[in-house]
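Written out below as structure tokens is the structure these notes cover.
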Amino acid sequence: MRLFDSHCHLDDRAFDPDIDAVIARARDAGVASLMVVGIDDKSSQKAVRIAQSDNGIFASVGVHPHDSKECSDAILNQLRDLSEHPKVKAWGEIGLDYNRMFSPKAIQEKWFERQLEIALDLDLPVILHERDTRGRLMEILSSCGLPGKDAVVHCFSGTAKELTAYIDADFYIGVTGILTLIDRGSDLRSMIPMVSKERLLVETDAPYLTPYPEKKHTRRNEPAFVKSVLLTLAQVRKEDPKDLADAVWENTCRLYRIVRREPSP
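Note that our numbering has the sequence shown beginning at 25, numbered continuously upward.
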């Protein structure tokens with residue numbers, strides 16, 4: 025079974041002591057490729073450095089909504105230059121987060137719109153973050169012309185109405201370890217069969233959102249655990265795990281426009 029962790033944060037300092045071992049465990053679990061996702065200028069630079077170290081690792085660049093208050097035109101110009109690196113395959117993680125509100129709404133929206141403009145100008149796929157925006161995210165996406173373009177709603181955990189809007193916009197849907205959790209994942213398990221197999225991705229969001237059963241033994245998530253997400257997804261959808269893994273692999277390569285589809289030796 026060949027797996028692609030479509031969204032992780034190996035740039036997080038939680039992995040500094042043992043990143044080589046983390047990558048090795050991922051490979052042992054069948055995770056042939058990883059997308060290391062940037063959240064600000066420094067993490068994006070680190071994501072690219074990590075991607076340079078391994079043929080199966082790729083990177084994205086962007087400013088997370090939590091960090092919008094620190095964003096500037098100068099930072100976006102730096103990220104635009106960084107996006108020219110051949111290992112950079114997407115712009116993100118960008119979006120809106122009205123739950124934790126680490127940055128004011130107006131600031132989040134300003135820099136979200138600016139980054140969407142850049143991503144569309146560069147023709148890069150977009151990695152989207154959304155929390156509690158009650159349709160505002162889709163309003164901005166629609167006004168910027170993103171529906172129909174390559175984008176993934178990372179860590180989907182919204183409502184059926186929101187999911188329908190994303191499906192209608194032809195976005196990919198990223199599924200995390202939330203799916204595996206008995207209480208927290210119940211709504212997601214009821215909705216995920218709505219998504220066509222051709223629009224599903226699996227992700228860890230490591231070091232966050234550790235899935236079951238690994239959650240019983242460790243707090244830190246890591247890319248190897250994406251296999252538990254895939255197996256639960258197959259169980260919920262009543263699909264063969266290997267067939268689903270193959271489809272999800274193809275989906276991820278299609279979204280990120282990765283031509284090399286064989287795992288590195």
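Every residue gets a Cβ at the ideal spot worked out from N, C-alpha and C, and that includes glycine.
Note down, in chain order, each residue of its chain lying with its Cβ closer than 8 Å to the Cβ of residue i, except the 5 sequence neighbours on either side.
i: His-90; result: Ile-63, Asp-121, Arg-124, Phe-126, Ser-127
i: Ser-288; result: Its pLDDT being 44, under 50, Ser-288 is placed unreliably in this model, and the value from its coordinates should be taken loosely. For Ser-288, where only same-chain residues beyond five positions count, the Cβ hits under 8 Å are Ala-56, Asp-78, Asn-79, Gly-80.
i: Ile-206; result: Tyr-236
i: Ile-282; result: Ser-57, Phe-82, Lys-113, Thr-276
i: Leu-212; result: Phe-180, Ser-181, Val-199, Ile-202, Leu-203
i: His-153; result: His-88, Pro-89, Gly-116, Glu-117, Ile-118, Gly-119, Leu-120, Asp-121, His-178, Cys-179
i: Asp-29; result: Ala-50, Val-55, Ser-57, Leu-58, Met-59, Val-226, Glu-227, Thr-228, Ala-230, Pro-247, Val-250
i: Gly-164; result: The displayed chain sequence assigns Ile, not Gly, to residue 164. Within the same chain, Ile-164 has close Cβ partners Leu-120, Glu-133, Phe-136, Glu-137, Leu-140.
i: Lys-66; result: none
Would you decide whether residue i is buried or exposed? Buried here means 16 or more other CB atoms lie within 10 Å of its CB.
i: Asn-101; result: exposed
i: Leu-170; result: buried
i: Met-162; result: buried
i: Asp-35; result: buried
i: Ala-98; result: exposed
i: Thr-200; result: buried
i: Ser-166; result: exposed
i: Arg-285; result: For Arg-285, the pLDDT reaches just 46, beneath the cut-off of 50, and the residue's location in the model is therefore unreliable, leaving the point undetermined.
i: Asp-42; result: exposed
i: Glu-133; result: buried
i: Asp-52; result: exposed
i: His-241; result: exposed
Check each candidate in the options and name the one with the smallest Cα separation from residue i.
i: Trp-273; options: Leu-224, Leu-161, Arg-213; result: Leu-224
i: Arg-155; options: Ile-131, Glu-186, Ala-143, Cys-168; result: Glu-186
i: Gly-182; options: Cys-168, Ser-214, Lys-266, Ser-167; result: Ser-214
i: Ala-184; options: Val-219, Ala-175, Thr-200; result: Val-219
i: Leu-146; options: Leu-103, Thr-200, His-178, Asp-40; result: Leu-103
i: Lys-111; options: Leu-233, Val-85, Ala-271; result: Val-85
i: Ala-75; options: Leu-165, Lys-93, Asp-52, Leu-106; result: Leu-106
i: Lys-221; options: Asp-270, Leu-212, Thr-188; result: Asp-270
i: Phe-39; options: Asp-229, Val-283, His-109; result: Asp-229
i: Pro-217; options: Asp-42, Glu-263, Leu-233; result: Glu-263
i: Ala-175; options: Ser-68, Arg-278, His-109, His-33; result: Arg-278
Take residue i and list the residues in its own chain whose beta-carbon comes closer than 7 Å to its own, dropping the five residues that flank it on each side.
i: Tyr-280; result: Met-59, Phe-82, Lys-113, Ala-114, Pro-149
i: Gly-209; result: Ile-202, Leu-203
i: Gly-54; result: Met-25, Arg-26, Leu-27, Lys-251
i: Arg-138; result: Leu-100
i: Glu-238; result: Phe-249, Ser-252
i: Glu-108; result: none
Please report the Cβ distance between residue i and residue j, rounded to the nearest whole angstrom; I am assuming they are in contact, meaning their Cβ atoms lie under 8 Å.
i: Arg-244; j: Pro-231; result: 5 Å
i: Val-61; j: Ala-48; result: Rounded, the Cβ-Cβ distance is 21 Å, inconsistent with contact.
i: Val-253; j: Val-226; result: 5 Å
i: Ala-56; j: Gly-80; result: 6 Å
i: Gly-159; j: Phe-180; result: 15 Å between Cβ atoms; not a contact.
i: Cys-95; j: Leu-140; result: Cys-95 to Leu-140, Cβ: 13 Å. No contact.
i: Ile-131; j: Lys-93; result: 5 Å
i: Ile-151; j: His-31; result: 7 Å
Grab me the residues of residue i's own chain with a C-beta within less than 6 Å of its C-beta, minus the 5 sequence neighbours each way, in chain order.
i: Ala-193; result: Pro-171
i: His-88; result: Ile-63, Glu-117
i: Thr-157; result: Leu-120, Tyr-122
i: Ala-258; result: Pro-265, Leu-268
i: Tyr-374; result: There is simply no residue 374 to check, as the chain begins at 25 and stops at 289 in what is shown.
i: Thr-256; result: Leu-203, Thr-204
Is residue i close to the ligand COA? I mean its beta-carbon at under 7 Å from any heavy atom of the ligand.
i: Leu-161; result: What this structure holds is no ligand at all, so the ligand COA is not there to describe.
Beta strand (DSSP E) runs contained entirely in the stretch 181-243, provided each spans 3 or more residues:
196-199, 224-226
Every unbroken alpha helix (DSSP H) inside the stretch 94-128 [4 residues or more]:
97-106
Uninterrupted beta strand (DSSP E) stretches inside the stretch 32-69 (no shorter than 3 residues):
55-61
At which residue ranges does the stretch 127-175 contain complete alpha helix (DSSP H) runs of 4 or more residues, listed in the order of the chain?
129-146, 160-168
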